[in-house]
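J.: My questions all concern the structure below.
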């Protein structure tokens, strides 16, 4: 999976080990050494919340081409060579591990909670990975296309002006196209409204964008 991935994985599980030790030292009872129970007798809620936090954390690691070691490395390798998402690969590995745990503990309840955590973490991971790549595409039809393009450009976004033709009027039209991250939707929309509130505008959701200013291909 590449030397960069290996280096970042070493950095990743090194940090996990360090901060687990630090947090445990801070949170543990100074007398008994026991850790506090935040959700006492709430095993299902703890399982779900823990899995969500794990999925969010893993998404940051995978998005920056790293991992925290362990089965994350297997998931990243499978994702690179097969058309399988990180969450699906992770769930497959976890399914085998959780199923085998029955032969150690002989506890069906633990296995079921393991499946719940595994599924929740997998769904959260894939959702976060998709969200980090999402963008919107604006197509603006305006007579004042120069003013619209300049306003969007001054706001810091790339713009492409394309040639078009109104088929009903048989007249030439210019189409202003802009692709921006989803979180910048209100800024671009405000630029358009300020220059030409009567512009014809279409907005399309894009699942992934790669290239300059966006994710690396």
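Numbering (the numbering used here), first residue to last: 17 to 233. For every residue, glycine included, the Cβ atom is placed at its ideal position computed from N, Cα and C.
Quick check on the burial criterion: 16 or more other C-beta atoms within 10 angstroms. Buried or exposed for residue 133?
T.: Buried: at least 16 other Cβ atoms inside 10 Å.
J.: Would you mind sorting residue 43 into buried or exposed? The rule is 16 or more other CB atoms within 10 Å of its CB.
T.: exposed
J.: Answer yes if the region 140-149 comes into contact with the region 163-181, meaning at least three C-beta pairs across the two stretches below 8 Å, and no otherwise.
T.: no
J.: Name the two residues that bound the continuous alpha helix (DSSP H) containing residue 185.
T.: Here residue 185 belongs to no alpha helix (DSSP H), and DSSP marks it neither H nor E.
J.: Can you find at least 3 beta carbon pairs, one from the region 159-170 and one from the region 80-95, that sit closer than 8 Å?
T.: no
J.: Distance, Cα to Cα, residue 59 vs residue 130?
T.: 11 Å
J.: By alpha-carbon positions, which one of 195, 28, 120 and 177 ends up nearest to residue 188?
T.: 177
J.: Report the three-state DSSP secondary structure of residue 82 (helix, strand or coil).
T.: coil
J.: Quick check on the burial criterion: 16 or more other C-beta atoms within 10 angstroms. Buried or exposed for residue 192?
T.: That one is buried.
J.: Pull up the distance between the alpha-carbon of residue 23 and that of residue 155, whole angstroms please.
T.: 42 Å
J.: Can you tell me whether residue 78 is buried or exposed? The criterion is at least 16 other CB atoms within 10 Å of its CB, across all chains shown.
T.: buried
J.: Can you tell me which of the three DSSP states residue 230 falls into?
T.: coil
J.: Mind reading off the beta-carbon distance from residue 167 to residue 210? Whole number of angstroms is fine, and I expect it under 8 Å.
T.: 7 Å
J.: Note down, in chain order, each residue of its chain lying with its Cβ closer than 7 Å to the Cβ of residue 40, except the 5 sequence neighbours on either side.
T.: 51
J.: Pick out whichever of 83, 53 and 169 has its Cα sitting closest to the Cα of residue 32.
T.: 83
J.: Whole angstroms is fine: what's the gap from residue 216's alpha carbon to residue 227's?
T.: 27 Å
J.: For the region 126-162, list the beta strand (DSSP E) runs that are entirely contained and at least 3 residues long, ordered along the chain.
T.: The DSSP assignment places complete beta strand (DSSP E) segments of no fewer than 3 residues inside the region 126-162 at 151-157, in order along the chain.
J.: Please classify residue 217: does DSSP put it in a helix, a strand, or coil?
T.: strand
J.: What residue range does the alpha helix (DSSP H) around residue 89 cover?
T.: Start and end: 87-97.
J.: For a test of the three-state rule: what should DSSP assign to residue 123, helix, strand or coil?
T.: coil
J.: Quick check on DSSP: helix, strand or coil for residue 178?
T.: Here DSSP, grouped into helix, strand and coil, assigns residue 178 to strand.
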